[in-house]
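Residue numbers (my numbering), protein chains in the order written: chain A, -16 to 233; chain B, 33 to 298.
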């Protein structure tokens, strides 16, 4: 299996050196793979994502993207944040064109690319609207368009749909899968929603505070998936059991 | 869709308070509640202003001095406010972004801004003498603190996710500051600049008390010495109107220059 993202022995502490929040976390992502990272609140999911994104340094360990060590943020490993991180003074189109501008893409071209990407996520009629004029689901569509227009090889998503209502979340799941099929980035999605992970991911990784990764579950099932199918029900139950009781009683 | 009453209200509300004050003033003066030497009636102040603005110089006291006074005062404001902005904005940005700079400046700034401007006047006169430089010094001092403090607060309050989003999209250093941090803190920065400009006018008058030959503050103080309360009140009206015009001009320029200023909610 070729490897896009390689995470080796990541350890991170907050205040107490003897109690790491992440202890020797190691895993790898293949190109185009969707991996869900699940854990209860405070287990270090977001800390791990921050380290992978280059927003903070690990105390120990190494992250490699396509074989090269990576420690700083870059458009090739884009992030969709948990909370609204659109630039509020820019229109939807300007938000999507922001990274292209930073990359030096000429104005006319970046406007065309941003427009096309917004059309792709179903926001053709909202190019000139400010983030405050958009609903939560529309803002997350813009956030997705903003990173996908940069054609990243890796997409890091930090509970991106947690703040949305159930119906909008379902729509966003479908949209994400469509966009993944079209642009094929590898996706590492942090979530605490086991059902969401089972629905979207090729693989689920379980993280527990201070213990590193507990287990991984491959989900070799075609999409769209029936969450009530016996295979997925078994995987979801195993995940919940592991998160609740740890590996000893699993 | 706006309601049919929204448009008239939008025009009437901003002038309601001045009209109310004018009404009270008229009632007090025309009703005989206050003597004219204390509160001249509106028409007297209006006539004085007419002469001050349009009168032939030398034809009457203060006649035709408006243009010269205004230009002199505006030049002092430009220099003082410009210096305050040149100092306050970069220091505010540094203080808002870098904890050591904030720690270095916090105590000093908080103590200095508690000192009333009038306390600086004797020292400024010793250092800079009577006239232009003292006035500019006082204006700079007055405008610096709101500009610095609001810029620092605005920059410090920029959400971390916006900075991270900018970094993730390929920006760093000055580019990140210019394209993310400053626009994100723009509403605070605007507030600081507007407060600074307002204080500049307050300290302009203080500075022009020191014996400068021209300027709106100088004229007001001269009129006070001569017991021309009508001219004092006329000067106050002129300063208020010019202050309003300068505030609108500042906002217009910033909105013309920065998208983030254009899209700030007032």
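Each residue gets a CB set at the ideal place from its N, CA and C atoms; glycine is no exception.
ask   = Should residue 82/A be flagged as near chain B, meaning a C-beta pair shorter than 8 Å?
value = yes
What does the alpha-carbon distance come out to for the pair residue 101/B and residue 133/B? 40 Å
Interface residues of chain C around residue 113/A at Cβ under 9 Å?
Absence of chain C from the displayed structure is noted, the protein chains being A and B.
Query raised in the report: Three-state secondary structure (DSSP) at residue 116/A?
Result: helix
request  = Count the other CB atoms, across all protein chains shown, that sit within 10 Å of the CB of residue 154/B; report buried if there are 16 or more and exposed otherwise.
outcome  = exposed
Q) Quick one: is residue 200/B near chain A, going by C-beta distance under 8 Å? A) yes
Only counting the same chain, and skipping five residues up and downstream in sequence, which positions put a Cβ closer than 6 Å to that of residue 232/A?
Confidence in residue 232/A is poor, its pLDDT being 42 and thus under 50, which makes the residue's placement too unreliable to answer from.
Taking the C-alpha atoms as reference points, what is the distance between residue 203/B and residue 243/B? 52 Å
- prompt: Which of the three DSSP states, helix, strand or coil, is assigned to residue 211/B?
  reply: helix
Would you tell me roughly how many angstroms separate the C-alpha atoms of residue 40/B and residue 49/B, rounded to the nearest one?
-> 15 Å
* Based on the DSSP output, what are the partners of residue 45/A in its beta bridges? -> -9/A
Next item on the list: Out of 94/A, 195/A, 78/A, state which residue places its alpha-carbon closest to the alpha-carbon of residue 292/B.
Entry: 78/A
| said: When you compare the CB of residue 233/A with every CB in chain B, is at least one pair closer than 8 Å? | reply: Confidence is the limiting factor: at residue 233/A the pLDDT is only 36, short of 50, which leaves the residue's position unreliable and the question unanswerable from this model.
Worksheet entry | Contact set for residue 241/B: own chain, Cβ-Cβ below 7 Å, skip 5 residues either direction | 249, 253
Report the residues of the segment 35 to 56 of chain A with a CB closer than 9 Å to any CB of chain B, ordered along the chain.
36, 37, 38, 55, 56
Next on the checklist: Considering just the uninterrupted stretch of the beta strand (DSSP E) at residue 10/A, what are its terminal residues?
Outcome noted: 5 to 12
Closest by CA to residue 69/B, which one among 255/B, 288/B, 278/B? 255/B
Runs of alpha helix (DSSP H) lying entirely within the segment 210 to 283 of chain B, each at least 4 residues, in chain order = 218 to 239, 248 to 257
Taking the DSSP output, what are the residues bridged to residue 21/A?
174/A, 189/A
Would you mind sorting residue 109/A into buried or exposed? The rule is 16 or more other CB atoms within 10 Å of its CB. buried
- When Cβ atoms are compared, which residues of the segment 142 to 164 of chain B fall closer than 7 Å to chain A? none
| message | Does residue 70/B come out as helix, strand or coil in the three-state DSSP assignment? | response | coil
Return the first residue and the last residue of the alpha helix (DSSP H) that residue 41/B is part of. 38 to 62
| field | Test: residue 125/B CB closer than 8 Å to a CB of chain A | value | no
Using a C-beta cutoff of 8 Å, does residue 64/A count as contacting chain B?
yes
| According to the Cβ coordinates, are residue 175/A and residue 154/A closer than 8 Å? | no
| message | Checking the sheet assignment: what are the DSSP bridge partners for residue 63/A? | response | 140/A
- prompt: With a cut-off of 8 Å, do at least 3 Cβ pairs link the segment 64 to 81 of chain A to the segment 39 to 47 of chain A?
  reply: no
Give the residues of chain A in contact with residue 196/B, contact being defined as C-beta atoms less than 9 Å apart.
33, 36, 38, 56, 62, 64, 68
Residue 65/B - containing alpha helix (DSSP H), residue span = Premise fails: residue 65/B is in no alpha helix (DSSP H) and is neither H nor E.
Three-state secondary structure (DSSP) of residue 209/A | coil
Next on the checklist: Can you list, in chain order, the residues of its chain with a C-beta nearer than 7 Å to that of residue 121/B? Leave out the 5 residues immediately preceding and following it.
Outcome noted: 179, 183
Query raised in the report: Just reading off the alpha helix (DSSP H) that residue 143/B is part of, what are its end residues?
Result: 131 to 144
Rounded to the nearest angstrom, what separates residue 159/B and residue 117/A at their Cα positions? 57 Å
Checklist entry - Using a beta-carbon distance below 8 Å, is residue 26/B in contact with chain A? => result Because chain B spans 33 through 298 in this model, residue 26/B falls outside it and cannot be assessed.
Let me make sure I understand the geometry here. Which of 147/B, 189/B, 223/B, 207/B has the alpha-carbon closest to that of residue 87/A? 207/B
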